[in-house]
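A.B. asks:
Numbering (my numbering), first residue to last: 104 to 416.
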């Protein structure tokens, strides 16, 4: 098992270097000049050129990338062009918001998706099964930003059940923390919840047709007992893979949700960095996000290998 985990880790490490390199290249060919943005509203050519020299923007892309990699290895992600804060300090402070949002969204997705899939399986072929399938299919087609606006309009502005915007850290209390995450977490978790529902329902349907399940039912075990005691564990194997891919999607979706709910997270920080051509912050965001996705996928791969020994070979 350790050898399998080691192989997966070695295979994932190159992504941490390739993705930032692609961002470097994209920034190089993107319209606009970070030095001109930093120079003010009416910059002189001399002022712009001085800033470019100061920030090493005149150096070749590959050289700047290698210099950045060297700084990263030493634990230095640079300093923000706009706020003069270190990138590590800025992103670490805002990462708690995004990780809290992703956690709530994924818990919502797993809980709702599992419940709906189990209910549909227990009522296989009936009206409940069809309603669950219909609900999941419709949910996949709903844009997250639109659903987030609807939730905010109804439950925050209209009914005033939850805060309409902002974020409270966990140190402020559990309910203030959770109340600011419920609406954005539901908006962000609806799509993965629908995908978990469909994937788990399909997997349970296949497992329920296997010989050992049919034998268990023939011995007089109730359908609920067969589903919970014998089918669910085997059906969870493909769902684990789905969840790993969904984490990357949820991180990407958090950008829009954080903007809608005015949450000071990594996604909003990335948008501000793009608007202000804050290259160090943007690169730091890419590195943070890539690391999170790589670690989650590594955990998923290891979990999949644990549940399915054939994969390890």
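Glycine included, every Cβ here is placed at the ideal spot set by N, Cα and C. Since the structure is predicted, the reported quantities are computational estimates derived from the model, not experimental observations.
Go ahead and label residue 224 buried or exposed: buried means 16 or more other beta carbons lie within 10 angstroms of its beta carbon, across all protein chains shown.
C.D. replies: It counts as buried.
A.B. asks: Can you tell me whether DSSP reads residue 313 as helix, strand or coil?
C.D. replies: Coil, per DSSP.
A.B. asks: Would residue 396 and residue 342 be called neighbours here (beta carbons separated by less than 8 Å)?
C.D. replies: Not a contact, by the Cβ cut-off of 8 Å.
A.B. asks: For the candidate residues 351, 284, 169, whose alpha-carbon lies nearest to that of residue 123?
C.D. replies: Cα-wise, what sits closest to residue 123 is 169.
A.B. asks: Answer with buried or exposed for residue 380, where buried requires no fewer than 16 other C-beta atoms within 10 angstroms of its C-beta.
C.D. replies: Label assigned to residue 380: buried.
A.B. asks: For residue 155, which residues in the same chain have their Cβ closer than 6 Å to its Cβ, ignoring the five residues on either side in sequence?
C.D. replies: 138, 161.
A.B. asks: Under the rule that 16 or more other beta-carbon atoms within 10 Å means buried, what is residue 370, buried or exposed?
C.D. replies: Buried, by the Cβ-count rule.
A.B. asks: Below 8 Å on the Cβ atoms is my contact criterion, and I expect residue 305 with residue 354 to pass it. Report the Cβ-Cβ distance as a whole number of Å.
C.D. replies: About 25 Å; that fails the 8 Å criterion.
A.B. asks: So, helix, strand or coil for residue 195, using DSSP?
C.D. replies: It is helical.
A.B. asks: Distance, Cα to Cα, residue 256 vs residue 250?
C.D. replies: The straight-line gap from Cα to Cα measures roughly 10 Å.
A.B. asks: At which residue ranges does the region 204 to 269 contain complete beta strand (DSSP E) runs of 3 or more residues, listed in the order of the chain?
C.D. replies: With a minimum length of 3 residues, no continuous beta strand (DSSP E) run stays inside the region 204 to 269.
A.B. asks: Nearest by alpha-carbon distance to residue 192: which of 174, 339, 384, 278 is it?
C.D. replies: Answer by Cα proximity: 384.
A.B. asks: CA-CA distance, residue 179 and residue 240?
C.D. replies: Their backbone Cα atoms lie some 45 Å apart in a straight line.
A.B. asks: Please report the straight-line C-alpha distance between residue 350 and residue 197, rounded to a whole angstrom.
C.D. replies: The alpha-carbon atoms of residue 350 and residue 197 are separated by roughly 18 Å.
A.B. asks: Is the Cβ-Cβ distance between residue 261 and residue 212 less than 8 Å?
C.D. replies: Not in contact: residue 261 and residue 212 (Cβ atoms no closer than 8 Å).
A.B. asks: Grab me the residues of residue 242's own chain with a C-beta within less than 6 Å of its C-beta, minus the 5 sequence neighbours each way, in chain order.
C.D. replies: Excluding residues within five positions, the ones whose Cβ falls inside 6 Å are 293, 297.
A.B. asks: Assuming contact is defined by CB atoms lying nearer than 8 Å, are residue 289 and residue 346 in contact in what I supplied?
C.D. replies: Cβ atoms of residue 289 and residue 346: not closer than 8 Å.
A.B. asks: Between the beta-carbon of residue 164 and the beta-carbon of residue 128, is there less than 8 Å?
C.D. replies: Their beta carbons are under 8 Å apart, which means residue 164 touches residue 128 by this criterion.
A.B. asks: Of all the options 203, 368, 303, 244, which has the alpha carbon lying nearest to the alpha carbon of residue 273?
C.D. replies: Here the closest residue by C-alpha is 203.
A.B. asks: Excluding the five sequence neighbours on either side, which residues of its own chain have a C-beta within less than 7 Å of the C-beta of residue 374, listed in chain order?
C.D. replies: These residues qualify, in order along the chain: 358, 362.
A.B. asks: With respect to the alpha helix (DSSP H) encompassing residue 378, which residues constitute its N-terminal and C-terminal limits?
C.D. replies: Per DSSP, residue 378 belongs to the alpha helix (DSSP H) from 369 to 378.
A.B. asks: Give every residue of the same chain whose Cβ lies closer than 7 Å to the Cβ of residue 77, excluding the five residues on either side of it in the sequence, and list them in chain order.
C.D. replies: Residue coverage of the chain in this structure runs from 104 to 416, which leaves residue 77 outside it and unanswerable.
A.B. asks: Please check if any C-beta of chain C sits within less than 8 Å of the C-beta of residue 388.
C.D. replies: Protein chains in the displayed structure number just one, and chain C is not present.
A.B. asks: In the DSSP assignment, what are the bridge partners of residue 200?
C.D. replies: Partner(s): none; residue 200 has no beta bridge.
A.B. asks: Starting from the N-terminal side, write out each stretch of the alpha helix (DSSP H) that is 4 residues or longer and does not extend beyond the region 107 to 154.
C.D. replies: Segments of the alpha helix (DSSP H) lying fully in the region 107 to 154: 137 to 141.
A.B. asks: If I'm right that residue 276 touches residue 365 with Cβ under 8 Å, what's the distance once you round it to whole angstroms?
C.D. replies: Their Cβ separation, rounded to whole angstroms, is 20 Å, which puts residue 276 and residue 365 out of contact at 8 Å.
A.B. asks: For residue 173, count the other beta carbons within 10 Å of its own beta carbon; 16 or more makes it buried, fewer makes it exposed. Which is it?
C.D. replies: By the 10 Å Cβ count, residue 173 comes out exposed.
A.B. asks: Where DSSP assigns a beta bridge to residue 182, which residues make up the other side?
C.D. replies: Residue 182 is bridged to 189.
A.B. asks: Roughly how many whole angstroms lie between the Cα atoms of residue 219 and residue 232?
C.D. replies: Between residue 219 and residue 232, the C-alpha separation is close to 9 Å.
A.B. asks: Could you give the distance in angstroms between the alpha-carbon of residue 388 and the alpha-carbon of residue 238?
C.D. replies: Each residue's alpha carbon lies about 35 Å from the other.
A.B. asks: Please report the distance separating the alpha-carbon of residue 378 from that of residue 183.
C.D. replies: The alpha-carbon atoms of residue 378 and residue 183 are separated by roughly 13 Å.
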